[in-house]
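Sequence order for the protein chains is A and B. Going letter by letter, the first sequence gives residues 1 to 112 in this note's numbering. Going letter by letter, the second sequence gives residues 113 to 227 in this note's numbering. No residue lacks a Cβ here, since even glycine has one placed at the ideal position from N, Cα and C. Since the structure is predicted, the reported quantities are computational estimates derived from the model, not experimental observations.
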Amino acid sequence: DVKVTQSSRYLVKRTGEKVFLECVQDMDHENMFWYRQDPGLGLRLIYFSYDVKMKEKGDIPEGYSVSREKKERFSLILESASTNQTSMYLCASLDGGNEKLFFGSGTQLSVL
Amino acid sequence: AQTVTQSQPEMSVQEAETVTLSCTYDTSENNYYLFWYKQPPSRQMILVIRQEAYKQQNATENRFSVNFQKAAKSFSLKISDSQLGDTAMYFCAFIPIQGAQKLVFGQGTRLTINP
Numbered sequence: 001d002v003k004v005t006q007s008s009r010y011l012v013k014r015t016g017e018k019v020f021l022e023c024v025q026d027m028d029h030e031n032m033f034w035y036r037q038d039p040g041l042g043l044r045l046i047y048f049s050y051d052v053k054m055k056e057k058g059d060i061p062e063g064y065s066v067s068r069e070k071k072e073r074f075s076l077i078l079e080s081a082s083t084n085q086t087s088m089y090l091c092a093s094l095d096g097g098n099e100k101l102f103f104g105s106g107t108q109l110s111v112l
Numbered sequence: 113a114q115t116v117t118q119s120q121p122e123m124s125v126q127e128a129e130t131v132t133l134s135c136t137y138d139t140s141e142n143n144y145y146l147f148w149y150k151q152p153p154s155r156q157m158i159l160v161i162r163q164e165a166y167k168q169q170n171a172t173e174n175r176f177s178v179n180f181q182k183a184a185k186s187f188s189l190k191i192s193d194s195q196l197g198d199t200a201m202y203f204c205a206f207i208p209i210q211g212a213q214k215l216v217f218g219q220g221t222r223l224t225i226n227p
């Protein structure tokens, strides 16, 4: 079975901390995505990557960076966490052959 | 830039009724996919239905069907004979087939099916 794994289901961090959210897929997909989900705003795209070391800004990249050193892993980095980054973060992976999406189970991040 | 708009933040219907969720999108692309995803309280995203833009026939999956109007850039989801298990957030999404495949979602519609 296809899998997209996010490292943590729940995470609590302090303001100013550097935060790493990890996403790993086991399907050799080229395209991976990071979203944040907030009530009333839906899923907003932060960054996406279409290959190793390749990345593109999404709609709300400010305050975030990403890393894709290996095809299977796409990391989201909060350089200095702030309270307005408290949110649910979802990772997705795309099978470009048939445009099928696979999602992780999400990480609920609280920044205090 | 591609955008997806769901204008109904919340909807509520009685069990066994039919309900239609609206979605409009904006793009200059000619070839793309459109999706409806369901997100129950477990937070896991579940694919409900998918439509290829080059296909004129509307997609159907059991009780779920779409009304795809390419010229109007509209992609509504119809749920027939609604069931309590259909209660969830529903998201409309768009992805182009060519170029940078930026996957964009709408704001979501919270659907409640009442017994």
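What does residue i touch in chain A if you count any residue whose Cβ is under 7 Å from its own?
i              : result
M157 (chain B) : F103
I207 (chain B) : E99
Y137 (chain B) : The contacting residues do not exist; Y137 (chain B) stays about 13 Å from chain A at best.
Going along chain B in order, which residues have a C-beta closer than 8 Å to the C-beta of residue i?
i             : result
Y50 (chain A) : A212, Q213
F33 (chain A) : L215
G96 (chain A) : Q213
E56 (chain A) : A212, K214
So with CB distances below 9 Å, who are the chain B contacts of residue i?
i             : result
S40 (chain A) : The displayed chain sequence assigns Gly, not Ser, to residue 40 (chain A). Within 9 Å Cβ-Cβ: P121, Q219, G220.
A92 (chain A) : M157, L215
Does the distance from the C-beta atom of residue i to that of residue j stay below 8 Å?
i              : j              : result
T115 (chain B) : Y137 (chain B) : yes
S82 (chain A)  : G63 (chain A)  : yes
L223 (chain B) : T199 (chain B) : yes
T132 (chain B) : L189 (chain B) : yes
M32 (chain A)  : F48 (chain A)  : yes
If I follow the unbroken beta strand (DSSP E) through residue i, where does it start and stop?
i              : result
I209 (chain B) : Counting along the chain, I209 (chain B) falls outside any beta strand (DSSP E), and DSSP gives it neither H nor E.
C135 (chain B) : Careful: C135 (chain B) lies outside any beta strand (DSSP E) and carries neither H nor E.
E56 (chain A)  : 54–57
G220 (chain B) : First-last for G220 (chain B): undefined, no H or E at that position.
I46 (chain A)  : 42–51
From the DSSP output, in three-state form, read off residue i for me.
i              : result
D28 (chain A)  : coil
Q114 (chain B) : coil
T5 (chain A)   : strand
N142 (chain B) : coil
T107 (chain A) : strand
Q85 (chain A)  : helix
S67 (chain A)  : strand
Residues of chain A with a CB under 8 Å from the CB of residue i: which are they?
i              : result
F203 (chain B) : G42, L43
I161 (chain B) : Neighbours of I161 (chain B) on chain A: none; closest Cβ ~13 Å, over 8 Å.
So which residues on chain B does residue i lean against when the C-beta distance must stay under 7 Å?
i              : result
G106 (chain A) : R155
Along the chain, which unbroken stretches of the beta strand (DSSP E) at least 3 residues long are found entirely within the segment 148–204 of chain B?
158–164, 176–181, 186–191
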